[in-house]
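Chemist: My questions will all concern the structure given below.
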Ligand SMILES: Nc1ncnc2c1ncn2[C@@H]1O[C@H](COP(=O)(O)OP(=O)(O)O)[C@@H](O)[C@H]1O
Ligand SMILES: [Mg+2]
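In this note's numbering, the protein residues as written are 159 to 472.
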C-alpha cells in the first residue's frame, strides 16, 4: 500500500482511490463467528479459510473482531479453549460501503490493521476490506484504463491530422445536498470528463477533479447545502463551491492542514482528516475563499488549462 500512500502528484492511482468506493473493492463473502465460539474453533476456521481475522457477530450486529494475533496470544497464555466473546477486540474500527477508497487507504495507514469490516447505511456488516482487496481492484481498474487508452490511440491514429477544436466557454452546475454521501463525486467526475473531452491535459483534469471532490464533500459534511459550478473557458477552468451556511468561524484556521471540526460520527465514516482545503489549494492555480458565520461559504478555484511549467507530479 505504500505505493499508493506515497503517490504524490496527481497519478491515475491517486485519482482512482478518490473515485472508487469501498463497496467496489470489498469482499462480500465474509466469514464471521459468534461470541460463543471458542478461540480454538476460530483458529481452525482461520486456517481452513486462509484468512487472518474475522468479525464477531451477535444477533447479526458487529460486536468485535478476532485476529490471528489474538489466537497466538491465546495459545501463549492458555485461554485457547475460552469464548471469543471474552477475548475479542471490541473497539472495532469500521468503514461505510459508500466511502471513497481513499478513506480506506487512510485508515490502513493510520491504524495498521489487516482488515476493516464494512457497514452499510443501516449499520449492518456487508463486507470486509483488506489492503490486498484494494490492490486487486486498482489493478483491474488500471488494466481497464490501459486498454481504453490503447483503443483511443488507435482511433487517434486513424484521425491523424484532424484539427483539435477549441470549443466555446461552457458552464455546468451541480446542486449538492447536506449529508448526501451517496452522490459525492458526481460533480467531480462530470467536470473531469468535460475537460478530458476537450483534450485538456489529464493532470489538469485530475487536479480539477480532486479540488471539486473536496469542495463537494465539504458542502455535504459541513454545510446545510449548496452547489458546485464549473466554467470551462479557453484558458482556465473555474470551479465555484457555494453553500447557504453556516459559514466558517475562522477561515485561516480552517485552511491549516489537519484542522477539522468534523463530528466523531463523520470521522468514524472516514472523513474529517482536515486535509480538504489544503488539498484544494494544492490543486489550484488561484484560490479564493470567503466565509462568514451566519451566511454561507464561497470558494473559488481556478486552474490553468495549459500550464507552462509541469506540476512535477509524475
Ligand atoms: N462549506 C463549509 N461550511 C462550513 N465549514 C466548512 C466548510 N468547508 C470547510 N469548513 C470548515 O473547515 C474545516 C476544514 O475543512 P477541510 O480542510 O476540508 O477538512 P475536513 O473536511 O476534513 O474537516 C472543516 O472541518 C470545517 O470546520
Ligand atoms: Mg473536507
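Each residue gets a CB set at the ideal place from its N, CA and C atoms; glycine is no exception.
Fair warning: this is a prediction, and the values are worked out from it, not measured in the lab.
1) Measuring from the CB of residue 380, is there a heavy atom of ligand 1 at a distance below 7 Å?
2) Count the other CB atoms within 10 Å of the CB of residue 288; is the residue buried (16 or more) or exposed (fewer)?
3) CB residue 275 to CB residue 286, shorter than 8 Å?
4) Give me, in chain order, the residues of the same chain whose beta-carbon lies closer than 6 Å to that of residue 448; leave out the 5 immediate sequence neighbours on both sides.
5) Check residue 446 in the structure and name its three-state DSSP category.
6) Could you check where the alpha helix (DSSP H) with residue 434 kicks off and where it finishes?
7) Could you check the C-alpha separation between residue 272 and residue 249 for me, to the nearest Å?
8) How would you call residue 270, buried or exposed, if buried means at least 16 neighbouring beta carbons within 10 angstroms?
9) For the region 233-248 against the region 198-206, are there 3 or more C-beta pairs whose distance is under 8 Å?
10) Can you give the beta carbon distance from residue 176 to residue 260, rounded, assuming they're within the 8 Å contact cut?
11) Give the range of the beta strand (DSSP E) segment to which residue 384 is assigned.
12) How close, in whole Å, do the beta carbons of residue 363 and residue 353 come, if the pair is a contact with beta carbons under 8 Å?
13) Compute the distance between the beta-carbons of residue 213 and residue 190, then report whether it is under 8 Å.
14) I need the straight-line Cα distance from residue 226 to residue 341, nearest angstrom please.
15) Among all residues, which have a Cβ less than 6 Å from at least one non-hydrogen atom of ligand 2, and in what chain order do they fall?
16) I'd like to confirm something about residue 418: is its beta-carbon nearer than 7 Å to some heavy atom of ligand 1, or not?
17) For residue 178, which of helix, strand or coil comes out of DSSP?
18) On the three-state DSSP scale, how would you describe residue 297?
19) Take residue 451 and list the residues in its own chain whose beta-carbon comes closer than 6 Å to its own, dropping the five residues that flank it on each side.
20) Quick test of your reading: residue 264 and residue 431, contact by CB under 8 Å. State the CB separation rounded to the nearest angstrom.
21) Taking the straight line between their C-alpha atoms, what separation do you get for residue 414 and residue 435?
22) Helix or strand or just coil, what does DSSP make of residue 243?
Modeler: Based on what the coordinates show:
1) It does: the Cβ of residue 380 is within 7 Å (strictly closer) of some heavy atom of ligand 1.
2) Looking at its Cβ environment, which holds 16 or more other Cβ atoms inside 10 Å, residue 288 is buried.
3) yes
4) 456
5) In this structure, residue 446 counts as strand in the three-state DSSP scheme.
6) 434-441
7) 15 Å
8) Exposed.
9) yes
10) Confirmed, about 5 Å.
11) 384-390
12) Your pair residue 363 and residue 353 checks out as a contact, with CB atoms roughly 4 Å apart and the cut at 8 Å.
13) Taking 8 Å as the cut-off, the Cβ atoms of residue 213 and residue 190 count as close.
14) Their backbone Cα atoms lie some 37 Å apart in a straight line.
15) 372, 375, 376 and 434
16) yes
17) coil
18) helix
19) 405 and 407
20) Correct: roughly 6 Å between the Cβ atoms.
21) 8 Å
22) helix
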